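The sequence shown runs 4 to 132 under our numbering. The structure appears right after this line, and notes come after that.
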Amino acid sequence: MSEALKPCPFCGAKPHTGLSKVLYDQIHGEPFQNTIIKCPHLCASMQGSDDTVRNRWNDRHTRADLTESRLRQVAEAVWEESVLVAMNAHRGSVGQGDGATVIAGTAHDAAKAIRNIDIDAIVRKVMEG
Ligand SMILES: [Zn+2]
């Protein structure tokens with residue numbers, strides 16, 4: 004009994020399965036049919052020998068999940084870093100000039116600091132996890 008197929012990694016629909024047209028083994032000329040798995044909305048399709056293609060379809064879904072959770076971790080790390088540099092920029096500008104100048108300077112320094120965040124370093128840190 005084969006493992007159940009996971010939903011389409013792009014839209015979540017239940018995939019359809021079917022058989023390819025008859026193909027012939029290149030060495031012995033034996034006829035065979037591949038299993039075809041495809042999303043009913045045409046997001047993705049795969050074909051191959053039954054076990055292989057079922058494993059590939061389900062493995063692909065697993066990797067899509069991993070990528071999404073990694074992306075979420077990167078987004079959260081960037082957000083945390085942004086808050087930190089904005090707070091540091093704010094601390095640095097306290098006490099300079101009158102109220103309006105301080106606020107304008109704070110916003111400007113925070114924007115500059117956030118623009119200088121090293122995204123590559125954050126991605127490396129998350130991937131080393
Ligand atoms: Zn789909």
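Quick reminder that beta carbons are idealized off the backbone N, C-alpha and C, glycines included. None of these values were measured; they are calculated from a predicted model.
Query: Residues near Gly51 in its chain [Cβ-Cβ closer than 6 Å; skip 5 each side]; Result: Asn37
Query: Whether Ile40 touches Val56 by CB criterion (9 Å); Result: yes
Query: Expected contact under 8 Å - CB spacing of Cys60 and Pro18 to nearest Å; Result: Per the sequence presented here, residue 60 reads as Trp, with Cys not at that position. With 8 Å as the limit, Trp60 and Pro18 qualify as a contact, their Cβ atoms being about 7 Å apart.
Query: Beta carbon shell of ligand 1 at less than 5 Å from a heavy atom; Result: Cys11, Phe13, Cys14, Ala16, Cys42, His44, Cys46
Query: For Asp54 and Leu87, the rounded distance between their alpha carbons; Result: 50 Å
Query: Neighbour-count burial assignment, Ala16, 16 or more Cβ in a 10 Å radius; Result: exposed
Query: The beta strand (DSSP E) enclosing Lys41, as first and last residue numbers; Result: 38 to 41
Query: Identity of the residue in Ala47, Glu79, Asn119, Ala113 nearest Lys128 by Cα; Result: Glu79
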